Amino acid sequence: MTAKHVIRRPGETKGVMLRGEPMAFLVTGGDTRHTSMFDWTIPAGFATGRHVHRAQEETFYMLEGECEWHVGEEVVRATPGTFLFIPPGVAHNITNVSEKPARVLMTVSPPGHEHYFEELAKLTASGPPDAKAISELRARFDTDQLSALTTTA
Numbered sequence: 001m002t003a004k005h006v007i008r009r010p011g012e013t014k015g016v017m018l019r020g021e022p023m024a025f026l027v028t029g030g031d032t033r034h035t036s037m038f039d040w041t042i043p044a045g046f047a048t049g050r051h052v053h054r055a056q057e058e059t060f061y062m063l064e065g066e067c068e069w070h071v072g073e074e075v076v077r078a079t080p081g082t083f084l085f086i087p088p089g090v091a092h093n094i095t096n097v098s099e100k101p102a103r104v105l106m107t108v109s110p111p112g113h114e115h116y117f118e119e120l121a122k123l124t125a126s127g128p129p130d131a132k133a134i135s136e137l138r139a140r141f142d143t144d145q146l147s148a149l150t151t152t153a
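UniProt numbering puts the first residue of the sequence shown at 1, with every later residue one more than the last.
(1) My assumption, with CB atoms under 8 Å, is that Pro43 sits in contact with Asn96. Please give the rounded CB distance.
(2) Hey, quick one: how far does the beta strand (DSSP E) through Lys14 stretch, first residue to last?
(3) Which residue from Gly89, Phe83, Lys100 puts its Cα closest to that of Thr107?
(4) Starting from Arg77 and walking both ways along the beta strand (DSSP E), at which residues does that stretch end?
(5) Based on DSSP bridge pairs, tell me the residues matched to Arg54.
(6) Since Val118 is in the beta strand (DSSP E), which residue starts that stretch and which ends it?
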């Protein structure tokens, strides 16, 4: 990989639609060896399910809306300006508890998690996700699933 800066202007991002809402890929494994960054609009009622990463660390910065994170044993009601860092080995769950989409800036290190989201978008495009398929997807992407991904969308 050649070191090259990345500039993304509004509307120039690539990404996926997750349950009808955009997830913009701001920087990915194709750009850097260190981290991926996403601008994720989380659908109302969407929940990631409780899970834990073996090697990945994640950060989240709440831009809009209201979500509830379960991080370890703590419950965090996140509103705009809330920041969370989740190291490997810490179980967590993200739920949009409002009736409107929420938006977060998210990083995942090391990079490459964009491929997980590409496959997840395909699995959830036509309705509620198949639990077995989601579990298998997560297992391939450094994620031990502890409870099911859910959505009311």
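We put the CB at the ideal spot given by N, CA and C, even for glycine. Just so we're clear, the structure is a prediction, and the values are computed from it rather than from any experiment.
The relevant details are as follows:
(1) 6 Å
(2) 14-18
(3) Phe83
(4) 74-78
(5) Partner(s): none; Arg54 has no beta bridge.
(6) Position check: residue 118 holds Glu in this sequence, whereas Val was assumed. First-last for Glu118: 114-124, but that is the alpha helix (DSSP H), not the beta strand (DSSP E).
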